[in-house]
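Asker: Protein chains in written order, with this note's numbering: chain A, 64 to 753; chain B, 169 to 263; chain C, 169 to 263; chain D, 7 to 242.
Structure incoming, see below.
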């Protein structure tokens, strides 16, 4: 380890990102000083990334109960009942920091990690969605990150045969030096086959299944818990490289092990690798685990216990097998050609004991590592920018008094040109984005509409999703681009599930509580627009440095807004992820809540897409038409026209929102609708044009 | 003057090379028991005009660092030789 | 004896090389006007045990012909050198 | 009639083919693990799409050496029907069942979308229920679908009617704009001289139900069944 050998000037715990108070807590738990390996294990398990020590008190606000909720937050993924036989498993994860360093591998390993969380519940992964945020595409660095992330998700997702069916891409200067890459995975499992990540039976064999262990991503967890500084390039831990082929073998192997009933529990080796998987499975069951590092297959020579316990090598699963089934487990792994090593046993002493042969390298209470991080009581301070932004009036900034002429023009705009500008980074073989000559003489608002339609955030995303295999597994009933949410039929049930990922950093920046509520409402509107009933959400909360009062002020209000919307719209939270420290050189991203929502369509034949189907059909707009709470604050239109993100965002009335969604859902379920499309960025004009 | 540069881009030793290990497995399965390690990278042949060999070397180094390799996970080495009239260039396979 | 083989697999001259032309375009866009042609292939480093250098060469040739290259669209050349005790092998970047 | 679907490590569309044949067509079908060497009892072998061995080195470069491929060679030489879809087609090319090779798509990006295909040859077991020059719709999903062979091989292939599908527009027009990946002559599917081994890049198993966007793929599997029952009836 580093601290011990060099005569460190700073105390070892500081170097590993722990505070003095946390170090004293560790000494108290152990009744002695921790050795270097033990300290490393605590530093990773008590990092913000793994322990949620800043966000944990706030996340209690989320509603997590519901008639369909089989498993809520706390396990590897949430589980929601579809019908009497099948359940849907879902979760989302953020991989923002790795993507900023190496976009392709950062995104690819993000997909690999979230897929293994679904696998850990015994479910077959059936869909991937991604929510991406970059700086404007005309900035070369942002374009490099954008192309790298999309090809990384495609390269990994396509290879493992899980369709990438939906998501969103946003462009804003706020994300230029801090891209966001949130990935969601959804799986299906028969209810009686659900696996739990618990080391529940003492004496059970503990296997490491999958790739061998190297020095990849050591301190990946703590790296994610630190602000990216000037020298983030130099302080880069070994970048993690994904092996989708190994992941595919891991998927088929684990599903067969569950199918054959050889397994008590499975856990992905995500952040903090062996340490987190052993500690969490033991802590959940109140048992202990003893492992022998000599049994861990290593890819590099001379690795220290510290490095083996903290390695974040990809495509590895911890499998708690049934006693007596050791040979069968090894045989299944051999047939699929994947590594399988018996590294230890479940014990009843509640301790995570790490040995090398007979030498004890570390001995730490599992619950202390997994659950007893001292929670941080954050201070909150209201940012000064709020009042400044709210004082500005977007309409006057736009210098235009909307009147009848506006509505007339907007209505006619739909006929002049569909504005199929493509969201393609320059240098791609697509049309150049110049404003054609004949647009000069168009009426003003028509020109504005065309500007909105060609803004990268709104423009057609075929360039992105045509790189994803979104059809494999033969379930995709509404293809990307055709509906407001992806719709997958569930074979043998006559039902379908609707999936979406939605977030809006600008609203959450300008009014955190309203932004949080709108993120949930927006996702629910997209789900309802496909004829599905919203049932549950998972989420990624992307925020700047939690040690700053403004961040936690924003965080507490976003969570409160989301919790209220989940309550009213009946979509409980089944788990998710918090990513802090999204801030480079002091420049923070917008507080960005991203909501992944599941909806259920009881009869797949009633699914809706978003395009007009037949001439002569009636076009209706449902919702509050009296303009109450409406505002152009933080709108894409305002940004496209003035480059500003300011003003008080629209104030949502959740009860009205619920009635609007119920109306649309009932109309769809009674076969009155051919299609439905939600008004979002660019408002009614863009919605009609699309 | 016309030059031929050969840039060899390989994955860094500390970084996992999934492709290399898959090919190693295949070679072992095919009976080549002696194979101990396989690593796969790119071999890039660049034909270019440059005022001098040193100018060509400087340009190739810059291209390799900026575009042809990803310094985060790859390392490179290169050679530059003048291209004789027949268009032949050692180092690169028949042009 | 331990040997290090470096197998260079390049697309045949007559075959379109989509990657090569794309990289050429990118280099020109970035101002490297002197670039005339770019071709991209694989650089495969194989570490192997073999009784002799000639035995190693024969094995590498067979591997290259049978699996490491596709004769329809690719051609290859290779070099084999003994791996000295330090594990260093010329031709491959630091092992 | 019995179908066999070969499963290589890394195959993804094996389950989709199984579903299309058993659940939609109602035919007898079984998986074949890539180490199996006895194909007795099967009438049509399918090499499915996916990323066998992660597509490392070259697509299909490692899978072609799986033990099952020797058995597939003998099966094909004996007149058995072999259908290679996407990665399966790439494996057939690497193994020399069919002429040519696949290069990376001209746009250097993975492509997943529906395309139009024109039926160039309907005198074989795989397309006998299609009309000559009929235009159909099927999805593609690949990174290396840019078919290549030297001009001599292409001339021979075209002369013997070895091209079964070409990428076209909805009216059957063949032009560079209707070619998604740059393959020579817009070629999307190729059959061997004996007419019993077909390699195709589009995925018929992904369009066997209107629910998923199209049914033209179903007719390809139905062609195989009808050809097989016709042949057995005639005893040829």
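From the three backbone atoms N, C-alpha and C, an ideal C-beta is built for every residue, glycine too.
Determine whether the Cβ of residue 380 (chain A) lies closer than 9 Å to any Cβ atom of chain D.
Answerer: Not closer than 9 Å to any Cβ of chain D, the Cβ of residue 380 (chain A) fails to qualify, so no.
Asker: Is residue 98 (chain A) helix, strand or coil when you go by DSSP?
Answerer: Coil, per DSSP.
Asker: Report the option in A:690, A:727, A:711 whose CA atom is closest to the CA atom of residue 698 (chain A).
Answerer: Taking only the C-alpha atoms, the option nearest residue 698 (chain A) is A:711.
Asker: Relative to chain C, which residues along the segment 130-158 of chain D have a C-beta separation below 8 Å, given in chain order?
Answerer: Against chain C - using a Cβ distance shorter than 8 Å - the residues of the segment 130-158 of chain D are 152, 154, 155, 156.
Asker: Helix, strand or coil for residue 233 (chain D) per DSSP?
Answerer: Helix at residue 233 (chain D).
Asker: Ignoring anything shorter than 3 residues, give me the beta strand (DSSP E) runs that lie fully in the segment 379-424 of chain A, in order along the chain.
Answerer: List check, beta strand (DSSP E) in window: 379-384, 403-410, 414-419.
Asker: Among all the DSSP beta bridges, which residues are the ones paired with residue 19 (chain D)?
Answerer: None, per the DSSP bridge assignment.
Asker: Along chain D, in chain order, which residues have C-beta atoms closer than 9 Å to that of residue 190 (chain B)?
Answerer: Within chain D, the residues near residue 190 (chain B) are 59, 60, 62, 63, 68.
Asker: Starting from the Cα of residue 162 (chain A), find the closest Cα among A:143, A:545, A:454, A:204 and give me that residue.
Answerer: Residue 162 (chain A) has its Cα closest to that of A:204, out of A:143, A:545, A:454, A:204.
Asker: Taking the alpha-carbon positions, what's the residue 482 (chain A) to residue 188 (chain D) distance?
Answerer: Annotation note: pLDDT 39 at residue 482 (chain A) (below 50); position unreliable, no value reported.
Asker: Consult DSSP for residue 78 (chain A) and reduce its assignment to one of helix, strand or coil.
Answerer: DSSP places residue 78 (chain A) in helix when its eight states are reduced to three.
Asker: Looking only at DSSP bridge pairs, what is residue 156 (chain A) linked to?
Answerer: According to DSSP, residue 156 (chain A) bridges with A:246.
Asker: Please report the Cβ distance between residue 92 (chain A) and residue 431 (chain A), rounded to the nearest whole angstrom; I am assuming they are in contact, meaning their Cβ atoms lie under 8 Å.
Answerer: At roughly 5 Å, the Cβ-Cβ gap stays under 8 Å, so residue 92 (chain A) and residue 431 (chain A) are in contact.
Asker: Where residue 190 (chain A) and residue 538 (chain A) are concerned, what is the direct C-alpha to C-alpha distance, given to the nearest angstrom?
Answerer: Between residue 190 (chain A) and residue 538 (chain A), the C-alpha separation is close to 9 Å.
Asker: Would you check if the distance between the CB atom of residue 209 (chain A) and the CB atom of residue 404 (chain A) is smaller than 9 Å?
Answerer: No, the Cβ-Cβ distance between residue 209 (chain A) and residue 404 (chain A) is not below 9 Å.
Asker: Please classify residue 260 (chain B): does DSSP put it in a helix, a strand, or coil?
Answerer: Because residue 260 (chain B) sits at a pLDDT of 44, beneath the cut-off of 50, its placement in the model cannot be relied upon, and the point is left open.
Asker: Which residue comes first and which comes last in the alpha helix (DSSP H) that contains residue 92 (chain D)?
Answerer: Neither: residue 92 (chain D) is in no alpha helix (DSSP H) and is coded neither H nor E.
Asker: Using only CA atoms, which one of C:195, C:201, C:226 lies nearest to residue 237 (chain B)?
Answerer: When each option's Cα is compared against that of residue 237 (chain B), the closest is C:195.
Asker: Would you please verify whether the beta carbon of residue 205 (chain C) is less than 9 Å from any beta carbon of chain B?
Answerer: Taking Cβ atoms only, chain B reaches closer than 9 Å to residue 205 (chain C), which makes this a yes.
Asker: Can you tell which of A:87, A:115, A:104, A:96 has the C-alpha that lies nearest to the C-alpha of residue 643 (chain A)?
Answerer: Looking at the Cα atoms, A:115 is the closest of the given residues.
Asker: Mind pulling the chain B residues with CB within less than 7 Å of residue 103 (chain D)?
Answerer: Simply none; closest approach about 19 Å.
Asker: Where are the beta strand (DSSP E) runs, 3 residues long or more, that stay fully inside the segment 540-572 of chain A, in chain order?
Answerer: Fully enclosed beta strand (DSSP E) runs of 3 or longer: 549-552, 559-566.
Asker: Run through chain B and tell me which residues come within less than 8 Å of residue 71 (chain D), C-beta to C-beta.
Answerer: Near residue 71 (chain D) (Cβ distances below 8 Å), the residues of chain B are 194, 197, 198.
Asker: Compare the Cα-Cα distances from residue 92 (chain D) to each of D:70, D:182, D:112, D:65 and report the closest residue.
Answerer: Ranking the options by Cα distance to residue 92 (chain D), first place goes to D:65.
Asker: So what does DSSP say about residue 477 (chain A), is it helix, strand or coil?
Answerer: For residue 477 (chain A), the pLDDT reaches just 49, beneath the cut-off of 50, and the residue's location in the model is therefore unreliable, although a value from the coordinates is still provided. Looking at residue 477 (chain A) - three-state DSSP - the assignment turns out to be helix.
Asker: Which full runs of the beta strand (DSSP E) of 3+ residues lie inside the segment 182-239 of chain C, going along the chain?
Answerer: Those beta strand (DSSP E) runs which fall completely within the segment 182-239 of chain C and span 3+ residues are 203-217.
Asker: For residue 117 (chain D), go through chain A and note every residue whose CB falls closer than 8 Å to its CB, in chain order.
Answerer: The answer, in chain order, is 529, 530.
Asker: Mind listing the chain C neighbours of residue 168 (chain D)? Cutoff is C-beta to C-beta under 7 Å, in chain order.
Answerer: None at all; the shortest Cβ gap to chain C is about 16 Å.
Asker: Are residue 211 (chain D) and residue 220 (chain D) close, meaning C-beta to C-beta below 9 Å?
Answerer: No, the Cβ-Cβ distance between residue 211 (chain D) and residue 220 (chain D) is not below 9 Å.
Asker: Can residue 229 (chain A) and residue 598 (chain A) be called in contact, C-beta distance under 9 Å?
Answerer: Going by C-beta atoms, residue 229 (chain A) is not nearer than 9 Å to residue 598 (chain A).
Asker: When the distance is taken between beta carbons, is residue 528 (chain A) closer than 9 Å to residue 750 (chain A)?
Answerer: No, they are not a contact pair.
Asker: Give me the residue from C:179, C:208, C:181 with the minimum Cα distance to residue 192 (chain C).
Answerer: The option with the nearest alpha carbon to residue 192 (chain C) is C:208.
Asker: Just curious, the beta strand (DSSP E) that residue 193 (chain A) is in, first and last residue?
Answerer: Here the beta strand (DSSP E) through residue 193 (chain A) covers 187-197.
Asker: Can you find the residues in the same chain that come closer than 6 Å, C-beta to C-beta, to residue 340 (chain A), ignoring five residues on each side of it along the sequence?
Answerer: Once the five neighbours on either side are set aside, the close Cβ partners of residue 340 (chain A) are 330, 332, 381.
Asker: Using a Cβ-Cβ cut-off of less than 7 Å, list which residues of the segment 172-187 of chain C approach chain B; keep chain order.
Answerer: Against chain B - using a Cβ distance shorter than 7 Å - the residues of the segment 172-187 of chain C are 176, 178, 181.
Asker: So, does the segment 51-63 of chain D touch the segment 94-108 of chain D, judging by three or more C-beta pairs under 8 Å?
Answerer: Touching, yes.
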